[in-house]
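Asks: Before anything else, here's the structure in question.
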Amino acid sequence: MANWTLVTGASRGLGRGFAHRAAEDGRKVILSARNEAELHEVAAELRRKGVEAMVIPADLTRIEEVDRLWREATNGRQIDVLVNNAGLGRNGKFAEGGWDREHASIQVNLEALTRLCKLAAPHMKEARGGRILNVASLAGFMPGPGMAVYHATKAYVISLSDALAQELKGTGVSVTALCPGVTESNFLTDADMDSLYLVRFGITQKTRTVVNAGWRAAMRGRRVVVTGPQNKLLALMTRVTPRQIVGPIAQFLLARRK
Ligand SMILES: NC(=O)c1ccc[n+]([C@@H]2O[C@H](COP(=O)([O-])OP(=O)(O)OC[C@H]3O[C@@H](n4cnc5c(N)ncnc54)[C@H](OP(=O)(O)O)[C@@H]3O)[C@@H](O)[C@H]2O)c1
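Letter by letter, the sequence shown follows residues 12 to 269 in the working numbering.
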């Protein structure tokens, strides 16, 4: 079986890391995101490692682009690893600010990811094997006052992945939800999160650490993986602490440091 890995959001950050990680396993990689120039840069890096790489630019806010991406990716190819990594967020009170970025978060983090799972699951099931790695977040374990939509999309990703993993049990196809905490990348600046207490005082993980943990977990077919001991503890605390207490703590962590 050909061993193609499809990575969304592969132009930078964690996605770029996943593309390199797949290449280190000798896998052929399909890279997708909007920024074509950055994707070609990554493809050139992978080719220098002796790995076949292909670029398919797509804007995942548009469902027809998601379908086109899958069509082009699977044209004569078997995808056996799908890394649903593309994602974005917006820091700011829900009742204030515009709708566009929140809408894009729903389209990319939730709709595009779901659609790609829907397309990949039967494709992999028929081939009797495959790995789907959905990049969720520690944010999915708690409400996000100040980042409400982003947290809600990630809670959805965890729930969806867990359910699909159960449905696909015994088929050779696994689904993993990766839940990193704060990680070095452009995401924090893009989402206007640099000055939050969480970012200033929390432990920021290295991209490489998160990528390795996620890749290993997906290859082992694990379901929900939180990276790093501090994040694991936080995830556990959200499960045993009453909701009335989790909300205010999350609000404090997501507040701006003056
Ligand atoms: N960094 C963190 O602290 C953190 C923590 C937990 C979870 N995560 C999750 O990790 C994933 C990767 O984030 P990152 O930290 O690597 O952020 P990043 O550096 O901002 O990368 C985001 C990636 O998503 C792509 N993307 C954004 N909008 C897109 C669109 N409309 N269509 C297609 N691709 C799009 C971007 O490419 P283009 O702009 O070229 O399209 C880029 O490659 C996200 O799902 C994020 O929620 C991040």
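Heads up, the beta-carbon is just placed ideally off N, CA and C, and yes, glycines get one too. Model, not experiment: these values are computed from the prediction.
1. Residue 240: which of 63, 107, 76 and 221 sits nearest, CA to CA?
2. Between which two residues does the alpha helix (DSSP H) holding residue 223 run?
3. Out of 176, 147 and 63, which one is the CA nearest neighbour of residue 121?
4. Using three-state DSSP, classify residue 95 as helix, strand or coil.
5. Among 215, 164, 184 and 42, which one has its Cα closest to the Cα of residue 66?
6. Starting from residue 142, follow the beta strand (DSSP E) in both directions and report where the run begins and ends.
7. Taking all protein chains shown into account, do 16 or more other C-beta atoms lie within 10 angstroms of the C-beta of residue 161, making it buried, or fewer, making it exposed?
8. Helix, strand or coil for residue 18? Go by DSSP, reduced to three states.
9. Rounded to a whole number of angstroms, what is the C-alpha to C-alpha distance between residue 164 and residue 226?
10. At a cut-off of 6 Å, would you count residue 23 as near ligand 1, judging by its Cβ distance to the nearest heavy atom?
11. Any idea if residue 205 is buried or exposed, counting beta-carbon neighbours within 10 angstroms, 16 or more meaning buried?
12. Please confirm whether any heavy atom of ligand 1 lies closer than 6 Å to the CB of residue 185.
13. Distance check for residue 248 and residue 93, CA to CA, integer angstroms please.
14. Thinking just about the alpha-carbon of each residue, which of 22, 130, 96 and 70 is nearest to the one in residue 48?
15. With residue 141 and residue 78 assumed to form a contact (beta carbons below 8 Å), what rounded beta-carbon distance in angstroms separates them?
Replies: Once the coordinates are examined:
1. 221
2. 218-230
3. 147
4. strand
5. 42
6. 141-146
7. buried
8. strand
9. 22 Å
10. yes
11. exposed
12. no
13. 31 Å
14. 22
15. In fact, because the Cβ distance is near 19 Å, the residues do not count as touching under 8 Å.
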